[in-house]
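One structure is given here, and the rest of the page talks about it.
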Amino acid sequence: DVNLMAVGEQHAGVAHSAGDFLCIKIGTGIGCGIVVGGEVYRGTTGSAGDIGHIQVEPGGRACACGNRGCLEAHFSGAALARDAEEAARAGRSVEFAARLETAGHLTAADVSAAAAAGDAVALELIREGGTRLGKVIAGLVSFFNPGLVVIGGGVTGLGHTLLASVRTQVYRQSLPLATGNLPIVLGELGPAAGAIGAARLISDHVFSPA
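10 is the number of the first residue of the sequence shown in our numbering; add one for each residue after it.
In structure tokens:
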């Protein structure tokens with residue numbers, strides 16, 4: 010859960026000194042934990058931060074939600090795996106084709122490994138995805154004016170290629186007043202962030218004054 014990840018990074022990770030920040034989780038889907046004044050903001054019905062279903066490509070890929078062109082349909086772990094398999098079958102990537110033949114399927118980790126090996130298609134998939142994600146984050150930055158943006162989840166294995174694309178888009182699209190001192194960083198805790206966040210919430214509940 011992205012809110013648990015945000016709490017984890019807040020109390021034991023990269024966001025330990027941030028009062029207002031956004032925590033973006035990219036995995037099978039995409040979500041955003043919103044922390045305001047040190048507290049997670051969940052919205053009226055608990056659906057705040059569901060950024061995976063913001064449209065980034067009008068008339069684009071079909072999304073599980075029933076709409077088309079959602080961020081999640083174009084850049085998530087599942088979307089990256091789909092695009093990589095399409096590239097392999099179309100003969101556009103020898104690296105992807107070899108991995109697909111060996112494993113029978115591809116994952117976001119394969120995209121990361123292929124990019125590390127210098128595969129041009131893998132690098133392009135990451136850059137395109139980072140640009141789409143960056144456009145959405147730029148809108149959030151303009152609206153919310155956070156002090157920090159943290160990117161976590163399974164796709165963070167894409168590393169600094171992803172981060173560079175996101176930063177470029179956000180710093181280009183959002184006003185300097187909002188981005189002049191805005192760090193955009195990868196999470197520090199990895200898969201442990203959610204568990205740490207859950208433990209913190211349980212601890213706070215158990216030891217809170219009656």
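Positions of the beta carbon are idealized from the N, C-alpha and C atoms, including for glycine.
Quiz prompt | Where I63 falls: helix, strand or coil (DSSP) | solution = The count along the sequence shown starts at 1 and reaches residue 63 at position 54. I63 falls in the coil class under three-state DSSP.
Quiz item: Between which two residues does the alpha helix (DSSP H) carrying R152 extend?
Solution: Working through the sequence shown from its first residue, we reach residue 152 at position 143. Residue 152 is actually Phe in this sequence, not Arg. Per DSSP, F152 belongs to the alpha helix (DSSP H) from 129-153.
Quiz item: So, do the region 174-193 and the region 137-147 have three or more beta carbon pairs nearer to each other than 8 Å?
Solution: yes
Quiz item: If you pair each beta-carbon of the region 154-170 with each one of the region 24-41, do three or more pairs fall below 8 Å?
Solution: yes
Quiz item: H25: buried (16+ other C-beta within 10 angstroms of its C-beta) or exposed?
Solution: Sequence index remark: in the sequence shown, residue 25 carries index 16 (1-based). Exposed is the call here.
Quiz item: Per the contact definition of three or more C-beta pairs closer than 8 Å, is the region 111-121 in contact with the region 80-96?
Solution: yes
Exercise. Verify whether the separation of the beta carbon atoms of G55 and I39 is less than 8 Å.
Key: Here residue 55 corresponds to residue number 46 of the sequence shown, with the count starting at 1. Here residue 39 corresponds to residue number 30 of the sequence shown, with the count starting at 1. The answer is no: Cβ separation not under 8 Å.
Quiz item: Mind checking T111: buried by the 16 CB within 10 Å criterion, or exposed?
Solution: As a working mapping, residue 111 is identified with position 102 in the sequence shown. Label assigned to T111: exposed.
Practice problem: Could you give the DSSP three-state label for G196: helix, strand or coil? | Solution: In the sequence shown, counting from the first residue as 1, residue 196 sits at position 187. Three-state result, G196: coil.
Quiz prompt | Euclidean distance between Cα positions of R136 and T170 | solution = Residue numbering aside, residue 136 sits at position 127 when the sequence shown is read from its first letter. Residue numbering aside, residue 170 sits at position 161 when the sequence shown is read from its first letter. Distance between the alpha carbons of R136 and T170: 7 Å.
Practice problem: Kindly list the residues whose CB is nearer than 8 Å to the CB of A88, restricted to its own chain and excluding five residues on each side of it in sequence; keep chain order. | Solution: As a position in the sequence shown, residue 88 is number 79, starting the count at 1. Around A88: R70, E81, A82, G138.
Quiz item: Between the C-alpha atoms of G22 and L198, what's the straight-line distance to the nearest angstrom?
Solution: For the purposes of this step, residue 22 is taken as residue 13 along the sequence shown, with counting starting at 1. For the purposes of this step, residue 198 is taken as residue 189 along the sequence shown, with counting starting at 1. Whole-angstrom Cα-Cα distance: 6 Å.
Practice problem: Return the CA-CA distance between V153 and A126, expressed in angstroms with no decimal places. | Solution: Counting from 1 along the sequence shown, the entry for residue 153 is found at position 144. Counting from 1 along the sequence shown, the entry for residue 126 is found at position 117. The identity of residue 153 in the sequence shown is Phe, whereas the question assumes Val. Distance between the alpha carbons of F153 and A126 is about 37 Å.
Exercise. Could I get the ranges of all uninterrupted alpha helix (DSSP H) runs contained in the region 30-111, with 4 residues as the minimum, in chain order?
Key: 80-83, 86-98
Quiz item: Which residue or residues does DSSP assign as beta-bridge partners of I160?
Solution: Numbered from 1 along the sequence shown, position 151 holds the residue referred to as residue 160. Per DSSP, I33, L195.
Quiz item: Looking at A131 and the ligand MG, is the gap between the Cβ and the nearest heavy atom below 7 Å?
Solution: Questions concerning the ligand MG fall outside what the structure shown contains, since it holds no ligand whatsoever.
Quiz item: Taking C-beta to C-beta, are A124 and L172 nearer than 8 Å?
Solution: Reading the sequence shown from its first residue, position 115 is the one you call residue 124. Reading the sequence shown from its first residue, position 163 is the one you call residue 172. In this structure, L172 does not lie closer than 8 Å to A124 by Cβ.
Self-check item: Of the residues G196, L109, L157, the one placed nearest T165, counting alpha carbons only
Solution: Translated into the one-based positions of the sequence shown, residue 165 becomes position 156. Considering only alpha carbons, the answer is G196.
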